[in-house]
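Numbering (the numbering used here), first residue to last: 81 to 567.
Ideal Cβ placement from N, Cα and C applies to all residues, glycine included.
Since we're looking at a predicted model, the values are computed, not measured.
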C-alpha cells in the first residue's frame with residue numbers, strides 16, 4: 081500500500097464523515113471523481129486495483145489526470161485531518177497556535193502574531209513541552225525586531241534555561257530509545273546483556289538525586305521509563321511489581337495522568353499486568369487487565385488500537401495458566417482481528433502461542449500445524465535470529481513428541497547448520513543441552529543410560545531460581561525434561 085491507501089484504510093467512521101462534509105463545502109455532486117476514488121479505496125482495502133478504478137473514472141490511457149486526482153485527494157485528506165484534530169491534544173493545539181503566530185508574522189500583523197505566540201507559550205509550559213517552547217522563544221526573539229514591547233533579553237534567558245531542560249531530558253530519551261529498540265527487536269528472547277544498561281542506570285541515579293528536576297512531572301515520567309527498562313532487562317519482576325504498584329498509585333493520586341501522557345498510563349498497566357503474571361499473581365493480573373480495558377476507552381479511545389494487542393496478550397498469558405481452552409479461544413479470536421493481523425509481529429505471536437497452547441494440551445499435531453503456519457509469516461522472516469533459534473528448539477521438542485524421528489534427525493542437522501553461530505555460545509547452554517538430549521532420546525529409551533548428560537539435565541532442573549531462564553524459552557525446558565526423567 082502507498083501512503084494515500086494507508087491513510088484512507090486507517091480512517092475511522094467519524095473521520096470519514098467529517099472528510100465528506102469537508103469536501104462538500106465547495107460543491108456537492110454525485111459524480112465527483114475524488115469521492116468515487118475515496119469510496120473505492122475504503123471498500124477495496126488490500127484488494128485495491130489501481131487499473132480498475134482508473135478505467136472506471138477515465139476513458140483515456142493517459143494517467144496524468146488520475147495522478148493529479150490522487151494528489152488532490154491526499155491534500156484534502158491532510159487538511160481535513162488537521163481541521164478535525166487540531167485540538168485533540170496539547171501538542172497538536174500548541175503547534176496550531178505556533179502556526180497561526182508564524183502566519184500572522186509573515187503577513188506583518190505583529191500584534192496578532194504576539195497574541196498567538198503567548199497562548200502557545202502558555203500551552204507548551206503547561207504540557208512541559210520544552211521542544212515546542214524552544215520554537216516559541218525563537219519566534220518571540222524574531223518578533224522583538226518589530227515590537228518594542230518585547231524585551232529580547234528576557235526570552236533569550238528563557239530559551240537558555242529551556243535548552244538545559246531539553247538537554248537533560250534528551251539524555252534519558254536517547255538511552256531509552258536504544259534499550260527499547262533492542263528489546264522490541266529481540267522480543268526479550270535474546271540472552272546477551274544489553275551494554276547500554278550501566279549508562280542508563282547511572283543517568284537515572286544522577287537525575288533522581290536532583291531535587292530541582294525531580295519536581296517536574298515530565299522528568300518523573302522519564303525516570304519511570306528508565307527504571308522499568310532496567311528492571312525488565314534484569315528480569316527482576318518482584319522489584320518491578322513493587323515499583324509499578326507504588327508509582328501507579330502515586331501518579332494516579334497526584335492526578336498526573338492526563339490526555340497528554342495517557343499512552344504512558346496504558347503502558348504502565350501493561351507492565352504491571354505482566355509483572356504480576358511473572359510473579360504468579362494471576363487473579364491480580366487479570367484485575368489490572370480489566371482496568372487496562374477500561375482505560376483504553378478513555379479520551380474517546382485515544383490509544384485503543386495501539387493497546388488492543390496488549391490487552392489480548394494479557395488475557396492469553398493468564399488464561400494459558402488458568403484455562404488453556406479459553407486461551408486458545410482468545411487466540412483464535414485474535415486471528416480474525418484485522419488490526420492484529422496487519423502487524424507481522426503480532427500475527428506471529430498468535431501462531432506461536434497457539435503452538436505452545438496446543439503443546440501444553442498434548443495435542444502435538446495441532447501444535448506443529450500452527451508452528452508451520454508461523455514459518456511462512458512475514459514477521460518470522462524479519463524476527464531476530466535469537467528468537468528464530470528458540471523457535472527451532474521448540475520445534476525439535478514437538479517433533480520428538482510426534483515420534484517423527486526421521487524428520488526430527490533431519491531437523492536437528494538443519495538447526496546445527498542454520499544456527500551454528502549460536503551453538504558455541506555459553507549464553508545458549510540450555511538450548512545446546514536440549515539439542516543433545518533430544519539427539520540422545522532418539523537413540524535411547526531413557527536418559528538414565530547417559531550419566532554425563534543426565535548430570536547436566538539435573539543441573540538444569542534443580543538449578544537455583546537465579547539460574548532459571550524459562551522466561552526466555554518458547555517451551556519450558558525444565559518442565560519437559562522433568563517429565564522425561566520420570567518416564
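From the listed residues 184, 477, 202 and 242, the smallest Cα separation to residue 211 is found for 242.
Where residue 389 is concerned, the enclosing alpha helix (DSSP H) starts and stops at 384–402. DSSP, read as helix, strand or coil, puts residue 154 in helix. A check of alpha carbon separations from residue 450 across 463, 362 and 429 identifies 429 as the nearest.
In terms of Cα proximity to residue 516, the closest of 499, 536 and 498 is 536.
Cβ neighbours of residue 496 within its own chain (closer than 8 Å, five residues either side excluded): 503 and 515.
With a cutoff of 9 Å on beta-carbon distance, residue 117 and residue 153 are scored as near each other. For residue 446, the enclosing alpha helix (DSSP H) has its first and last residue at 444–455. Assignment of residue 253 by DSSP, reduced to helix, strand and coil, places it in the helix class. Residues of the same chain with a CB within less than 7 Å of the CB of residue 438, apart from the 5 flanking positions on each side, are 446, 447 and 450 in chain order. Residue 125 counts as exposed, since fewer than 16 other C-beta atoms from the protein chains shown sit within 10 angstroms of its C-beta. DSSP places residue 459 in the uninterrupted alpha helix (DSSP H) bounded by 458–461. One thing to note: residue 382 has its Cβ within 9 Å of the Cβ of residue 168.
The three-state secondary structure of residue 492, taken from DSSP, is helix. Residue 135 has its alpha-carbon roughly 50 Å from the corresponding atom of residue 254. Closest in alpha carbon position to residue 494, among 146, 244 and 472, is 472. Taking the Cα positions, residue 129 is about 40 Å away from residue 174. Scanning the region 184–257 for uninterrupted alpha helix (DSSP H) segments of 4 residues or longer gives 190–206 and 210–223, listed from N- to C-terminal end. DSSP, read as helix, strand or coil, puts residue 416 in coil.
In the DSSP assignment, residue 523 falls within the unbroken alpha helix (DSSP H) covering 509–523. For residue 358, the enclosing alpha helix (DSSP H) starts and ends at 342–358.
The Cβ atoms of residue 433 and residue 396 lie closer than 9 Å to each other. Inclusion of residue 331 and residue 304 in the CB contact set at 9 Å is warranted, their separation being smaller than that value.
Residue 302 and residue 258 have their C-alpha atoms spaced approximately 14 Å apart. Per DSSP, the unbroken alpha helix (DSSP H) holding residue 371 starts and ends at 362–376. Between residue 197 and residue 216, the beta carbon gap of about 6 Å places them in contact (Cβ cut-off 8 Å). Look at residue 337 here: in three-state DSSP terms it is coil, with no helix or strand label. Taken in chain order, the whole alpha helix (DSSP H) runs of length 4 or more contained in the region 95–124 are 113–124. C-alpha of residue 337 to C-alpha of residue 189: approximately 38 Å in a straight line. The criterion of a C-beta distance shorter than 9 Å is satisfied by residue 511 and residue 469. Secondary structure note for residue 166: it is in no alpha helix (DSSP H), with a DSSP letter that is neither H nor E. Restricting attention to 564, 506 and 557, the CA atom closest to the CA of residue 524 is found in 564. Proximity of the region 369–381 to the region 407–421 falls short of the contact definition, fewer than three beta-carbon pairs being nearer than 8 Å. If you draw a straight line from the Cα of residue 282 to the Cα of residue 539, it comes to about 35 Å. In terms of Cβ geometry, residue 379 and residue 339 form a close pair [threshold 9 Å].
Taking 8 Å as the upper bound for CB-CB distance, residue 398 and residue 362 are in contact here, some 5 Å apart.
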